[in-house]
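First to last, the protein sequences are chains A and B.
First residue of the first sequence? That's 1 in the numbering used here, and the numbers climb one at a time after it.
First residue of the second sequence? That's 1001 in the numbering used here, and the numbers climb one at a time after it.
2 protein chains.
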Amino acid sequence: MSHMRYRRLMAVDREHVLRSAAALLTRKSTATMDEVAKAAGISRATLHRQFAGRDALVRALEALGIAECEAALAAARTDEGSATDAVRRLVAEIEPHAGLLAFLYTENQLFEGEEQNEGWTRIDESVSALFRRGQSNGEFRIDLTPAWLTEALFGLLASAAWAVAEGRVAPKDFTHMTVELLIGGVRRPEEPALPEAPAARKES
Amino acid sequence: MSHMRYRRLMAVDREHVLRSAAALLTRKSTATMDEVAKAAGISRATLHRQFAGRDALVRALEALGIAECEAALAAARTDEGSATDAVRRLVAEIEPHAGLLAFLYTENQLFEGEEQNEGWTRIDESVSALFRRGQSNGEFRIDLTPAWLTEALFGLLASAAWAVAEGRVAPKDFTHMTVELLIGGVRRPEEPALPEAPAARKES
DNA sequence: CCCTAGTGAGACATCAATGTCTCACATGCG
DNA sequence: CGCATGTGAGACATTGATGTCTCACTAGGG
């Protein structure tokens, strides 16, 4: 935005185009280049000037998703405090971009080739490291591999994004539901012989 | 299979075609009708005689997935015993078909229309009922809605199918990882003041 | 005020997947 | 041994998305 003034004329805001495309493709992953252009408020010609083709657009979205994941990882400071809280922060940071993630998740075209973006590898390793840390310090169970926990985290994020988009869960519950299921599972926490037990954490 | 002999000539086994298509599309969801035909060992013409088009094929796969889910629900007897064990049985029953489920999951074309197959609705309700039962009898926490838990279950199944297909987790761990994460979450179960605590359930 | 860069609109060719058709062939049946 | 049925192979047209190009227009800079 801020650098827009430096461009001559009403140059297309590449960032805005990407956001629009992400929002549209999240809802309709088969959307046409024409639809993407209209959603961004530009013509197909201009869209094609920015992104050489649908493939280039998807790649750009992938890069955007990777950048946002890495930004979220940095902002969540996953190496500070308890691993549990770090996971909470991480999910909260990623939440706004879960829609894009869900879209990329289904774009298996990105993964079936040999040359899959190394960015995902780095992200996977960062998240895995977080789970490994939690296992090392006794917060997390050790019978679930960090690789699986990482997969599950992104899977739950995508599921939550879908569920919200479909109106099956309230958007405000996104983080809570994702994080709480991942952290604590569905089982009701056992109450160690307390006659009066708090049913569940009331905090919304 | 058994009724094959009743067909004249080497009539195409519709069931076999569906299975092949499911297996292929699970790996490469953009596979061409020609590829699907080759994978099933038949010609494109014959494939097209069985399924009027790609759309019809996907619909048939959807029906197959629904049927398998309902069969799994029935076999798991989700209304017997503890809800926790019922979830375990359900995941174990669905596991063999998780690949197909994962494919259908990404085929959002199936859901964006207005007329989405009511079979999914019935399945959702059955699974939701199971979670609701677990909440009613105190096994499950009540701050996560049954709708979300249902979404999460299928999301985790799809994630696990992907992770196995990509070789990130061992196929034999599928059920355990899915079920244990869903049931217990990632947090290590608290050990109520036992000096010598079993680290984690050893049972594989 | 003129010039230039960037845009929108549309025409046009291309390309891949698909739907449709024909025809030869094989196999089981009578 | 013919016949009928279902199949494989391929040709062909269609369709929809895409890539490419031209051209007029507009808005800002000099």
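Using N, Cα and C, we set each Cβ at its ideal position, and we do this for glycine too.
Would you say the segment 1081–1091 of chain B touches the segment 1124–1131 of chain B, given that touching needs at least three Cβ pairs under 8 Å?
These segments touch.
For the segment 1099–1121 of chain B, which residues have a beta carbon sitting closer than 7 Å to at least one beta carbon of chain A?
Those would be THR1106, ASN1108, GLN1109 and GLU1112, in chain order.
In chain order, what residues of the same chain have a beta carbon less than 6 Å from the beta carbon of GLN1135/B, not counting five sequence neighbours either side?
ILE1142, listed in sequence order.
Name the chain B residues that come within less than 7 Å of THR30/A, Cβ to Cβ?
What THR30/A touches in chain B: GLN1109.
Any idea if ARG188/A is buried or exposed, counting beta-carbon neighbours within 10 angstroms, 16 or more meaning buried?
Counting Cβ neighbours within 10 Å, ARG188/A comes out buried, since at least 16 surround it.
Between the C-alpha atoms of CYS69/A and GLY167/A, what's the straight-line distance to the nearest angstrom?
Distance between the alpha carbons of CYS69/A and GLY167/A is about 25 Å.
Which word fits GLU115/A, buried or exposed, when buried means at least 16 other C-beta atoms lie within 10 angstroms of its C-beta?
Flag for GLU115/A reads exposed.
Classify ALA45/A: buried if its beta carbon has 16 or more other beta carbons within 10 angstroms, exposed otherwise.
When all chains shown are included, ALA45/A counts as exposed.
Using CA atoms only, rank isn't needed, just tell me which of ALA1158/B, ALA1165/B, THR1121/B and ALA1170/B is closest to ALA1147/B.
Residue THR1121/B is the option with its Cα nearest to ALA1147/B.
What residue range is occupied by the uninterrupted alpha helix (DSSP H) comprising ARG19/A?
Unbroken alpha helix (DSSP H) run through ARG19/A: 14–27.
Could you check whether GLN1050/B and ARG1014/B sit closer than 8 Å to each other, using their CB atoms as the reference points?
Result yes, Cβ atoms of ARG1014/B and GLN1050/B sit closer than 8 Å.
Compare the C-beta of ASP1085/B with all C-beta atoms of chain A and state if any pair is closer than 8 Å.
Chain A contact via Cβ: absent.
Restricting to Cα atoms, I'd like to know which of PHE174/A, PHE140/A and GLU107/A is closest to THR1030/B.
That would be GLU107/A, whose Cα lies nearest to the Cα of THR1030/B.
Identify the contact partners of ILE1183/B in chain A, using a Cβ-Cβ distance below 7 Å as the criterion.
Here the neighbours are GLY185, VAL186 and ARG187.
Tell me whether the beta-carbon of LEU1110/B lies closer than 8 Å to the beta-carbon of GLU1062/B.
Taking 8 Å as the Cβ cut-off, LEU1110/B and GLU1062/B qualify as a contacting pair.
Using a Cβ cut-off of 7 Å, pull out every chain B residue sitting near THR145/A, in sequence order please.
Within 7 Å Cβ-Cβ: VAL1169.
Let me confirm a value: GLY1138/B is counted as buried when at least 16 other C-beta atoms fall within 10 Å, else exposed. Which label applies?
That one is exposed.
Would ALA1152/B and LEU181/A be called neighbours here (beta carbons separated by less than 8 Å)?
Yes, they are a contact pair.
What in chain A is Cβ-close to GLY1138/B, meaning under 9 Å?
Correct list: ARG188.
To which residues does DSSP link ARG1187/B through a beta bridge?
In the DSSP output, where bridge partners are listed per residue, ARG1187/B has PHE140/A.
Step through the CB atoms of chain B and report whether any lies within less than 8 Å of the CB of ARG59/A.
Judged by the 8 Å Cβ criterion, ARG59/A is not in contact with chain B.
Under 7 Å between beta-carbons, which chain B residues line up against LEU215/A? List them in chain order, please.
The structure shown does not extend to residue 215/A, since chain A is modelled only from 1 to 204, so the question has no answer here.
By how many angstroms is the C-alpha of ALA22/A removed from the C-alpha of GLY99/A?
Spanning the two alpha carbons is a distance of roughly 8 Å.
Over what stretch of residues does the alpha helix (DSSP H) that includes ARG1077/B continue unbroken?
From DSSP, ARG1077/B is part of no alpha helix (DSSP H); its letter is neither H nor E.
Using a Cβ cut-off of 8 Å, pull out every chain B residue sitting near ALA23/A, in sequence order please.
Ordered by position in chain B, no residue passes the 8 Å Cβ test against ALA23/A, which lies about 15 Å from the chain.
Note down, in chain order, every chain A residue with its Cβ under 7 Å from the Cβ of GLU1062/B.
None at all; the shortest Cβ gap to chain A is about 16 Å.
If you draw a straight line from the alpha carbon of ASP1079/B to that of ALA60/A, how long is it in whole angstroms?
Each residue's Cα considered, the two are about 48 Å apart.
Output yes if chain B places a C-beta closer than 8 Å to the C-beta of ARG19/A; else output no.
Not closer than 8 Å to any Cβ of chain B, the Cβ of ARG19/A fails to qualify, so no.
Would you say ARG1141/B faces chain A, with C-beta separation under 8 Å as the test?
Yes, ARG1141/B counts as interfacial toward chain A.
Can you list the residues of chain A that SER1159/B reaches, using a CB-CB cut of under 7 Å?
GLU151, ALA152 and GLY155, listed in chain order.
For VAL1186/B, tell me which candidate among GLU190/A, PHE140/A, TRP162/A and VAL164/A has the shortest Cα-Cα distance.
VAL1186/B has its Cα closest to that of PHE140/A, out of GLU190/A, PHE140/A, TRP162/A and VAL164/A.
Counting only Cβ pairs nearer than 7 Å, list the residues of chain B close to MET177/A.
Those within 7 Å of MET177/A in chain B are LEU1144 and TRP1148.
Can you pull the chain B neighbours of ALA129/A, defined as C-beta to C-beta under 8 Å?
None at all; the shortest Cβ gap to chain B is about 14 Å.
At the 8 Å Cβ level, is ALA56/A part of the contact set with chain B, yes or no?
ALA56/A does not count as touching chain B.
TYR105/A and ALA52/A: beta carbons closer than 8 Å?
Result no, Cβ atoms of TYR105/A and ALA52/A do not sit closer than 8 Å.
Using three-state DSSP, classify ILE94/A as helix, strand or coil.
Reduced to three states, the DSSP call for ILE94/A is helix.
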